[in-house]
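S.K.: Shown below is the structure under consideration.
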Amino acid sequence: MDQSRVQESSSAQPQKKCSACSAKSSSEGAKASGNEKGKDKGTCGLKSLPYVYVLGRIEARFPNRSIEKEYVQIIERSKSANLDHQQAFYSVLSQPENRYLARKLSWVLTKEGVPIYILLPAGPEDLDILLDAARPPSCPLDRWVVVGRKGPVAPPDICGLEVPLVFIDHLYSLEYSSFMRSIRPESVTDDKFKAATMEMFQRMMQIADNTGSTDKHRALNYLTVRYPAIYVKAAEELDRNFLLTSVNAITSRLNDSHKIISVVFSFTNNETGTVEKYFVRVDVSKEFPFLVTKMSPYYDR
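Heads up, the sequence shown is in this note's numbering, so the first residue is 5 and it goes up one at a time.
In structure tokens form, the structure reads like this:
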């Protein structure tokens, strides 16, 4: 997207074998993650898995002591020993001669430090981006966005966490400062916009504090990172002394052949208590949500 520094992975191609499954799992683990062959399963059985659209931070973990000790030996003989843990980690594993070790790591998506998913890269392009996620964040509000398919709970031999696997189809970084700079309209002063959008962004981050696995969660998370109009609207409403007081995702009455979610934003006037509502519609039928209706006034029925 234009609004943030985006590093994109290549979408997993249906005709390819899921290299992430075979690289990260034992034969039992591969079966658990849908890598067995069978009739009508598609490639790796991924077509039948539910979609995920989720925000969080990404951590690398050692699946066993052997790999951890190998990393320690590399650190001890490298020039990265004096760096802090995260800087040293990225410095070592981003070097081409250490890629063999990077391929053995487990990549965990976390929220508030709590593991949510184990991420399985589809190929070397995804691994490059995952390594970049190991960099120290420039801002506490920076996030990573993962789009993919949710598999079963990971087998113990991956890294000992009992959380679901996610097969990555798309992965990119959302840098808060770049995102905010890119969406400020000329009609709004910088100071006012910063105050309004920071509050709105923090609220949307709280709303996006979910697993991204339901249709409503996916719609909310998509709007948080892909629809800057909600931040512009928040700034305009703040200028009128209206504050965002609630965000509700509801199944649209247009939900027939497509899965449509209506997201309603309620703004309340600080002095009069008057409530004004606006909404957008998001199609979440497929893996990549998209906007159906732009921000418009909403009237309770």
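Where is the CB? At the ideal position from N, CA and C, for every residue including glycine. Fair warning: this is a prediction, and the values are worked out from it, not measured in the lab.
(1) Would you kindly work out how many angstroms separate the C-alpha atoms of Leu295 and Asp287, rounded to a whole number?
(2) With DSSP as the reference, identify every bridge partner of Ala64, one or two as the case may be.
(3) Nearest-angstrom Cα distance between Ala238 and Met202?
(4) If you draw a straight line from the alpha carbon of Leu224 to that of Val56, how long is it in whole angstroms?
(5) Scan the segment 88-176 and note each continuous beta strand (DSSP E) run of 3 residues or more that stays entirely inside, going in chain order.
(6) Does DSSP put Asn327 in a helix, a strand or coil?
(7) Suppose the cutoff is 7 Å on Cβ atoms and the five residues either side in sequence are ignored; what does the same chain contact list for Asp243 look like?
(8) Keeping to the same chain, check which residues put their C-beta closer than 8 Å to that of Ile78; ignore five residues upstream and five downstream.
(9) Please report how far the alpha carbon of Phe171 lies from the alpha carbon of Leu53, in whole angstroms.
(10) In terms of residues, what are the limits of the alpha helix (DSSP H) holding Val236?
(11) What do you get for Thr255, buried or exposed, if any count of 16 or more other CB atoms within 10 angstroms of its CB means buried?
(12) Can you tell me where the beta strand (DSSP E) holding Phe292 begins and where it ends?
(13) Short check: CB of Val279 to CB of Ser266, under 8 Å?
(14) Using three-state DSSP, classify Val76 as helix, strand or coil.
(15) When the Cα atoms are used, what is the spatial distance from Arg139 to Leu113?
(16) Can you give me the Cβ contacts of Val157 inside the same chain, cut-off strictly under 7 Å, excluding the 5 residues immediately before and after it?
(17) Please report the Cβ distance between Glu365 and Asn245, rounded to the nearest whole angstrom; I am assuming they are in contact, meaning their Cβ atoms lie under 8 Å.
(18) Between which two residues does the alpha helix (DSSP H) harbouring Tyr180 extend?
(19) So for Glu280, helix, strand or coil by DSSP?
(20) Determine the DSSP secondary structure at Thr249, reduced to helix, strand or coil.
(21) Alpha carbon to alpha carbon, how far is Pro301 from Glu291?
(22) Roughly how many angstroms separate the alpha carbons of Arg285 and Arg81, rounded to a whole number?
(23) Using a Cβ-Cβ cut-off of 8 Å (strictly less than) and excluding sequence neighbours within five positions of Asp194, which residues of its own chain qualify?
(24) Specify the secondary structure class of Lys263 as computed by DSSP and reduced to three states.
(25) What is the residue span of the alpha helix (DSSP H) that Ala199 lies within?
(26) Starting from the C-beta of Asp146, find all residues in its chain whose C-beta is less than 6 Å away, skip the five residues before and the five after it, and write them out in chain order.
(27) Please report how far the alpha carbon of Arg65 lies from the alpha carbon of Ser142, in whole angstroms.
(28) Does the beta-carbon of His174 have 16 or more other beta-carbons within 10 angstroms, so that it is buried, or is it exposed?
(29) Can you check which of these residues, Arg107, Asp260, Glu116 and Asp219, is closest to Asp130 by C-alpha distance?
(30) Taking Cβ to Cβ, would you say Ser98 is nearer than 8 Å to Lys154?
(31) What does a CB cutoff of less than 6 Å around Tyr94 pick up in its chain, not counting 5 residues either side in sequence?
(32) If you count every other CB in all the chains shown that lies within 10 Å of the CB of Ser261, and 16 or more means buried, which is it?
M.R.: With the structure as the only source:
(1) 6 Å
(2) Trp111
(3) 10 Å
(4) 12 Å
(5) 110-115, 118-124 and 147-157
(6) A question about residue 327 goes unanswered here, because the residues of the chain that appear run from 5 up to 305.
(7) Lys196
(8) Val96, Asn102 and Leu105
(9) 10 Å
(10) Ala233 to Asp243
(11) exposed
(12) Element bounds for Phe292: n/a, residue is neither H nor E.
(13) no
(14) helix
(15) 14 Å
(16) Glu166, Val167 and Pro168
(17) The requested residue 365 is not part of the displayed model; the chain covers only 5 to 305.
(18) Tyr180 to Ile187
(19) strand
(20) strand
(21) 28 Å
(22) 55 Å
(23) Arg188
(24) coil
(25) Asp194 to Ile211
(26) Glu179 and Tyr180
(27) 21 Å
(28) buried
(29) Arg107
(30) no
(31) Ala138 and Arg139
(32) exposed
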